[in-house]
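Below is one structure; the comments refer to it alone.
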Amino acid sequence: MFEELDVFFMEEALKEALLAYQEDEVPVGAVIVSPKGELLAKARNQMIKLKDPTAHAEILAIRKACQKMGNYRLTNCKMYVTLEPCPMCAYAIVLARIKEVIFATSDEKTGACGSIYNILQDKRLNHQVILKQGLLREQASKLLKEFFKQKRTK
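Quick note: the sequence shown uses our numbering, first residue 175, plus one each step.
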C-alpha cells in the first residue's frame, strides 16, 4: 500500500512534528510533494508561536507550497501529515485540490478524514481526495501521547 518514497516523506513530516514538540506546540508535521516527487513544503504546528489559531501544519504547508508553485491550486500534489486533519485543514486541502493525503494516526476528537467527518471524500463537494492512513502510525501516536502526558503532569 505504501511505497519507499511514502515512508521517506512521512519521516520528514515526523521530523517537523518533533520540532513542534520541542517548541511546546502540539506535535503535528506536514509535507507537500509535487507530482514529480519534489518536496514543495514542510511545516509544523505554530499556533502558539504565531499567535494564530489557523497556524496548523497543513495550512502552513499549503501556503508555502502555493507560493512555490505560484498557484493557489496544488493539483496532483500529495500531502503527508502525522495526524488526521481537522475540518479546517481538510477543507483547505479540498480547496487547494490536493490529489492525495496520507496521514499517520487518526484523531478521534476532531478528525475530518474519516474519524468524525470525511470532508476529503464528501461527494457533495466539487473535489475528492485519495486518502490513506496508518503510515508510521506508532511513531506519530507515541509523540502525541508523550506531549499530552507531559502537559497533564505540569
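Glycine is no exception: its CB is placed at the ideal position from the N, C-alpha and C atoms.
Restricting to Cα atoms, I'd like to know which of Ile222, Leu299, Glu282 is closest to Val200. Put simply, of Ile222, Leu299, Glu282 the residue whose alpha carbon is nearest the alpha carbon of Val200 is Ile222.
Own chain, CB closer than 7 Å to Pro209, minus 5 neighbours either side, in chain order: Counting only residues of its own chain and dropping the five nearest sequence neighbours on each side, Pro209 has a CB closer than 7 Å to the CB of Asn250, Cys251.
In this structure, how does DSSP classify Ala235 when only helix, strand and coil are distinguished? In the displayed model, Ala235 falls within a helix according to three-state DSSP.
Is it buried or exposed, Glu190, if we count other Cβ atoms within 10 angstroms and call 16 or more buried? Result: buried.
Which residue's Cα is closest to the Cα of Leu193: Asn219, Val207, Cys260? Nearest option by C-alpha distance: Asn219.
With a cut-off of 8 Å on the beta carbons, I'd call Ala204 and Val255 a contact; round off their distance for me. With a beta-carbon spacing of about 4 Å, Ala204 and Val255 fall inside the 8 Å limit used to define contacts.
Would you say Leu248 touches the ligand FAD, meaning its beta carbon is less than 7 Å from a heavy atom? Judged by which ligands are present, the structure shown has none, so any question about the ligand FAD falls away.
Buried or exposed, going by whether 16 or more other CB atoms sit within 10 Å of the CB of Thr228? It counts as exposed.
So, under 8 Å CB-CB, Lys238 and Ala270 are touching, yes? Tell me the CB distance rounded to an integer number of Å. Actually they are not in contact, since the Cβ atoms of Lys238 and Ala270 sit about 12 Å apart, beyond 8 Å.
Straight-line CA distance for Leu234 to Lys242? Distance between the alpha carbons of Leu234 and Lys242 is about 12 Å.
How is the alpha helix (DSSP H) around Val181 delimited, first residue to last? In the DSSP assignment, Val181 falls within the alpha helix (DSSP H) that extends over 178 to 196.
Less than 8 Å between the C-beta atoms of Phe176 and Leu309, yes or no? Cβ distance < 8 Å, so Phe176 and Leu309 count as in contact.
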